[in-house]
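Residue 2 is where the sequence shown starts when you use the numbering used here, and the numbers rise one by one after that.
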Amino acid sequence: MADQGIPAEVGISAREAEVLAALGEHLTNAEIGARLSISVRTVESHVSSLLRKLQVADRRALAVVAATTQPAPGTQPVRATTVAAVLPSRLTPFVGRVAERAALTEALGEHRLVTAVGPGGVGKTRLALSVAGALPDRFADGVWYVDLVPVTDPLMIAPAIADTLGLGESQGRSATDHVLGWLAEREALLVLDNCEHVADGVVLLLERLLAGSPRLRVLATSRARLLVPFEWVFAVPGLSVEADDGGPGDAVELFAGRAAAGGRPPMPEDTKRIAAICRGLDGMALAIELAAARFPSLGLDGLEAGLADRLRLLTGGARIDDRHRSLRSTLDWSYALLAEPVQAVLRRVSVFAGPFTAAAASTVAGWSPVPAGAVPTILAGLAEQSLLVTIVRPGGTRYRVWETIRQYGVDRLEEAGESVEAFSHHLSWCLDESAVLVSREPVDAWRAGFDEVADELRGALAWAAGTARFRPEAYRLAIGLADLSFTRGMPGESQRRYEQAAGLAADDLAAADALRSAAGAAESRHVGTEALRLRRCAADAALRAGDRAGAAGDLARNAVLIYRAPGLMATAPAVGEVEALVTEGWALAGSDLAAQARLLTAEAFNGAIDDPATVDLIERALTLARRIGDPLIENAALDQLTAVQLARGEFRAAAASALRRTELLASMPVTAVAGLEFFDSFGMAAECAVATGDLPAARRLAERLRDLPFHAEEGHLATVQLLLVTALAGDWDETITLAERFREGWERAGRPRAGNLSGGAYAAATAHGLRGDDDARAAWLAIFDALMTPGRLRTDVTFGDFFDALLLLHRGQAEEATQVLDTSPEQLTHLYAEWRPWYAALWAEAAVLSGHEDVAARLQRARVAADGNPIAIAIVDRAAALHTGGRDGLSTAAAALQVAGCRYQWARTLVFIGGEQRAHGESVLAAMGATPMAWSPE
Numbered sequence: 002m003a004d005q006g007i008p009a010e011v012g013i014s015a016r017e018a019e020v021l022a023a024l025g026e027h028l029t030n031a032e033i034g035a036r037l038s039i040s041v042r043t044v045e046s047h048v049s050s051l052l053r054k055l056q057v058a059d060r061r062a063l064a065v066v067a068a069t070t071q072p073a074p075g076t077q078p079v080r081a082t083t084v085a086a087v088l089p090s091r092l093t094p095f096v097g098r099v100a101e102r103a104a105l106t107e108a109l110g111e112h113r114l115v116t117a118v119g120p121g122g123v124g125k126t127r128l129a130l131s132v133a134g135a136l137p138d139r140f141a142d143g144v145w146y147v148d149l150v151p152v153t154d155p156l157m158i159a160p161a162i163a164d165t166l167g168l169g170e171s172q173g174r175s176a177t178d179h180v181l182g183w184l185a186e187r188e189a190l191l192v193l194d195n196c197e198h199v200a201d202g203v204v205l206l207l208e209r210l211l212a213g214s215p216r217l218r219v220l221a222t223s224r225a226r227l228l229v230p231f232e233w234v235f236a237v238p239g240l241s242v243e244a245d246d247g248g249p250g251d252a253v254e255l256f257a258g259r260a261a262a263g264g265r266p267p268m269p270e271d272t273k274r275i276a277a278i279c280r281g282l283d284g285m286a287l288a289i290e291l292a293a294a295r296f297p298s299l300g301l302d303g304l305e306a307g308l309a310d311r312l313r314l315l316t317g318g319a320r321i322d323d324r325h326r327s328l329r330s331t332l333d334w335s336y337a338l339l340a341e342p343v344q345a346v347l348r349r350v351s352v353f354a355g356p357f358t359a360a361a362a363s364t365v366a367g368w369s370p371v372p373a374g375a376v377p378t379i380l381a382g383l384a385e386q387s388l389l390v391t392i393v394r395p396g397g398t399r400y401r402v403w404e405t406i407r408q409y410g411v412d413r414l415e416e417a418g419e420s421v422e423a424f425s426h427h428l429s430w431c432l433d434e435s436a437v438l439v440s441r442e443p444v445d446a447w448r449a450g451f452d453e454v455a456d457e458l459r460g461a462l463a464w465a466a467g468t469a470r471f472r473p474e475a476y477r478l479a480i481g482l483a484d485l486s487f488t489r490g491m492p493g494e495s496q497r498r499y500e501q502a503a504g505l506a507a508d509d510l511a512a513a514d515a516l517r518s519a520a521g522a523a524e525s526r527h528v529g530t531e532a533l534r535l536r537r538c539a540a541d542a543a544l545r546a547g548d549r550a551g552a553a554g555d556l557a558r559n560a561v562l563i564y565r566a567p568g569l570m571a572t573a574p575a576v577g578e579v580e581a582l583v584t585e586g587w588a589l590a591g592s593d594l595a596a597q598a599r600l601l602t603a604e605a606f607n608g609a610i611d612d613p614a615t616v617d618l619i620e621r622a623l624t625l626a627r628r629i630g631d632p633l634i635e636n637a638a639l640d641q642l643t644a645v646q647l648a649r650g651e652f653r654a655a656a657a658s659a660l661r662r663t664e665l666l667a668s669m670p671v672t673a674v675a676g677l678e679f680f681d682s683f684g685m686a687a688e689c690a691v692a693t694g695d696l697p698a699a700r701r702l703a704e705r706l707r708d709l710p711f712h713a714e715e716g717h718l719a720t721v722q723l724l725l726v727t728a729l730a731g732d733w734d735e736t737i738t739l740a741e742r743f744r745e746g747w748e749r750a751g752r753p754r755a756g757n758l759s760g761g762a763y764a765a766a767t768a769h770g771l772r773g774d775d776d777a778r779a780a781w782l783a784i785f786d787a788l789m790t791p792g793r794l795r796t797d798v799t800f801g802d803f804f805d806a807l808l809l810l811h812r813g814q815a816e817e818a819t820q821v822l823d824t825s826p827e828q829l830t831h832l833y834a835e836w837r838p839w840y841a842a843l844w845a846e847a848a849v850l851s852g853h854e855d856v857a858a859r860l861q862r863a864r865v866a867a868d869g870n871p872i873a874i875a876i877v878d879r880a881a882a883l884h885t886g887g888r889d890g891l892s893t894a895a896a897a898l899q900v901a902g903c904r905y906q907w908a909r910t911l912v913f914i915g916g917e918q919r920a921h922g923e924s925v926l927a928a929m930g931a932t933p934m935a936w937s938p939e
């Protein structure tokens with residue numbers, strides 16, 4: 002392959018650059034995911050994006066591209082250059098407009114919002130792209146292009162920009178806030194193309210972006226100005242017919258170039274006649290290109306005769322109106338030259354929002370008078386006449402309609418009386434595509450398939466939702482798009498689509514189901530207050546439908562969520578709220594077993610963790626859930642049983658209950674309704690594995706949590722458990738890498754308060770502390786404080802005491818560690834009980850190293866508290882050996898810790914042993930990046 006490097010006009014995100022570099026090393030998707038701490042599905046998505054952007058056929062070609070862009074020794078590796086211009090590739094050369102490019106460039110240097118205004122077909126987009134493509138060096142954080150043609154809903158403008166920036170969705174944060182947060186401190190140029198149909202939404206968004214991003218510049222294109230005070234309007238003129246020196250102008254050069262590309266370059270003596278044609282077309286770029294495309298077949302005589310009939314109809318009026326009429330006349334003339342079936346296809350494919358395949362066009366446009374099987378041939382002919390654009394991709398050829406021609410086609414559809422039929426064909430095709438995607442396994446090809454049709458689904462939904470007779474189809478498509486969005490890792494859009502479906506539902510029963518899914522999507526985004534609101538709406542809809550039991554279940558789930566997931570709540574619940582929900586639920590439940598099981602589960606969560614009545618409630622809920630075969634209710638009840646077992650110190654039983662939860666989900670698809678159970682099950686199972694000292698199992702479970710589809714773009718949600726596991730295991734290089742992904746995701750999400758994520762931040766702080774970077778540790782402790790659940794203090798957190806003592810002991814501050822660990826292990830029975838074995842182990846070690854008067858009793862009590870956790874037991878045995886001076890006991894502890902995969906504690910034990918073992922332990926600690934361990938010489 003020639004010139005395998007990344008073209009200048011192709012922009013790739015930072016994460017895509019990392020994936021590309023890894024492909025250059027011929028790593029598998031699993032290996033790339035492990036290196037970058039992302040899911041295999043996310044790797045697949047990035048590979049698909051790279052194939053599309055770099056226009057290559059397969060992974061081998063990507064590896065070649067990566068190899069040819071590898072740096073010389075001593076330089077930085079392949080990465081996303083923030084000055085890259087993320088712009089679409091040019092299909093044909095840009096001609097002329099030297100003066101306009103200079104003027105527009107100057108305007109962008111002086112004004113923060115410049116709108117290139119002109120009629121459709123004058124060349125606004127190509128001028129904007131030409132200027133933007135020459136400016137990346139002026140914008141340290143890049144030039145970013147967003148085509149708004151496929152955007153039919155003003156609420157989707159910000160998500161479209163976020164997608165271009167490579168941001169994806171953000172947990173608990175609107176797309177606007179997400180984009181604003183990314184742009185706030187960056188120096189970037191944002192190109193918004195084709196704003197006219199969503200101008201009001203663009204204005205509202207730009208007011209916020211420009212106010213909150215002082216170094217942002219925006220270049221917009223529109224048929225009309227945006228009408229805001231801070232806008233600088235640049236009127237795009239037609240192409241010049243004659244140059245300043247009297248030679249051929251840009252319009253003539255464009256005509257000649259396009260005619261030559263068609264196989265018949267004009268003769269020099271034809272220049273004046275071509276100039277006359279271009280002048281008659283008012284220098285309109287698209288009109289000139291259409292005329293030039295006909296030159297090889299009609300010649301100048303045919304062009305002059307055909308256009309004259311149209312252009313002589315033009316009369317006075319404003320110049321911009323003349324240009325509009327010139328283009329319309331050219332389009333009318335081009336359209337009139339087409340056979341009736343070809344005309345039909347051209348106007349009907351205008352319903353597509355983006356690129357489409359010949360097969361899709363055959364379904365949407367292939368009805369009378371179009372002959373059966375003729376659409377592919379017709380599309381190829383339209384592309385030859387510049388009425389369609391051909392896009393060749395690894396997955397096959399696609400076609401796209403120029404926006405001006407698409408709007409012309411929509412007008413023609415209306416004139417032909419075919420609008421409803423064409424859009425309904427498109428709607429049917431979208432419903433079929435949605436159903437196919439829903440039925441398929443979400444792997445790499447699936448993601449690419451969804452991305453190809455997502456804008457079509459959104460556009461069809463907008464049309465159907467606004468057309469009364471197609472309301473049932475709109476509901477079906479909204480549900481399908483919601484399901485697909487959730488699977489694609491976009492729970493925010495999924496929630497919105499479920500809510501839209503609820504508004505389109507034929508009855509309250511269907512509305513209630515849609516609202517329950519919306520609530521589940523909100524839970525998956527970790528927005529607990531939204532979930533509570535939506536589930537209350539579901540209960541109200543269920544009551545209107547006469548489904549009292551369904552409403553009772555909704556109220557019970559809200560009660561459970563309040564107590565079960567305080568980390569998802571930005572504010573503490575009102576006093577008595579849970580009790581009121583449960584009371585209201587029992588009044589509605591009647592004899593329905595599912596509702597009763599939900600309410601029993603809610604009462605169990607509301608009960609005291611050490612009250613025998615709580616266990617009785619759990620057992621009753623489990624019995625009902627199993628009788629009716631509802632794995633989600635059983636899963637929720639098992640969650641509270643696990644908490645009770647942890648509080649009792651029954652860590653192996655807790656781990657078994659937690660694993661049972663993951664087994665219940667094994668055969669279930671990851672849906673919005675089940676989202677909470679998936680992320681909570683894997684998270685709790687990982688925590689229980691930590692409690693039992695099974696770090697390999699904890700890692701496997703943490704990776705399953707990471708790989709959930711709705712965590713794909715949420716670094717803080719994906720990495721929180723892996724941060725804890727890697728910090729405990731001593732894999733601190735990985736911890737630090739994961740921590741940066743956590744911080745990036747959390748900040749992109751708007752720094753939400755989420756107490757369930759605080760353990761990851763403390764683990765990151767400790768890894769930095771053990772490496773001697775106290776500034777970084779302080780920064781991560783500040784993040785921990787910002788994450789904490791309202792009403793809880795750092796002193797309430799058991800794992801915080803454990804990690805602080807771990808660092809103090811490493812630094813030889815045993816007395817201070819003893820003071821930090823001032824609570825006896827037996828008292829740790831409620832919050833964070835899973836940390837009791839680890840806490841007890843250091844409680845004993847601190848007592849030994851500080852010479853505490855009650856060492857023997859503490860060792861005995863610690864061994865009881867650590868029972869079931871081989872790592873904690875080994876640390877207690879090590880402390881006992883240090884107390885008695887037994888070298889054999891130290892060696893036994895070291896062997897146990899090495900087998901358990903706890904590298905830091907193993908190396909620490911080798912230092913305690915002394916001699917050659919000490920030197921080996923110190924070298925291991927140094928390789929981990931740890932500061933020298935404080936331990937007196939032998």
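In this text, a Cβ means the ideal position worked out from N, Cα and C, and glycines have one as well.
Keep in mind it's a predicted model, so treat the numbers as computed, not measured.
Local conformation of residue i per DSSP, three classes
i: residue 242; result: coil
i: residue 289; result: helix
i: residue 973; result: This structure leaves residue 973 out entirely; the chain is present only between 2 and 939.
i: residue 259; result: helix
i: residue 214; result: coil
i: residue 95; result: coil
i: residue 189; result: strand
i: residue 731; result: coil
i: residue 399; result: strand
i: residue 487; result: helix
i: residue 357; result: strand
Assigned exposure category for residue i - 16 Cβ within 10 Å defines buried
i: residue 402; result: buried
i: residue 668; result: exposed
i: residue 635; result: buried
i: residue 828; result: exposed
i: residue 937; result: exposed
i: residue 592; result: exposed
i: residue 558; result: buried
i: residue 440; result: exposed
i: residue 861; result: exposed
i: residue 273; result: exposed
Supposed close pair residue i, residue j - CB separation, criterion 8 Å
i: residue 184; j: residue 217; result: 5 Å
i: residue 691; j: residue 846; result: Not really, about 18 Å apart at Cβ, beyond 8 Å.
i: residue 249; j: residue 276; result: 7 Å
i: residue 153; j: residue 540; result: Actually they are not in contact, since the Cβ atoms of residue 153 and residue 540 sit about 33 Å apart, beyond 8 Å.
i: residue 525; j: residue 677; result: 7 Å
For residue i, the residue or residues it bridges with in DSSP
i: residue 905; result: According to DSSP, residue 905 bridges with nothing at all.
i: residue 249; result: 243
i: residue 161; result: Bridge partners of residue 161: none, in fact.
i: residue 223; result: 118
i: residue 142; result: Beta-bridge pairing links residue 142 to no other residue.
i: residue 236; result: 118
Can you confirm whether the stretch 701–710 touches the stretch 718–725 when touching is taken to mean that 3 or more C-beta pairs between the two stretches lie within less than 8 Å?
yes
Take every Cβ of the stretch 138–157, pair it with every Cβ of the stretch 252–260, and state whether three or more of those distances are shorter than 8 Å.
no
Would you call the stretch 494–507 and the stretch 465–483 in contact, with 3 or more CB pairs under 8 Å?
yes
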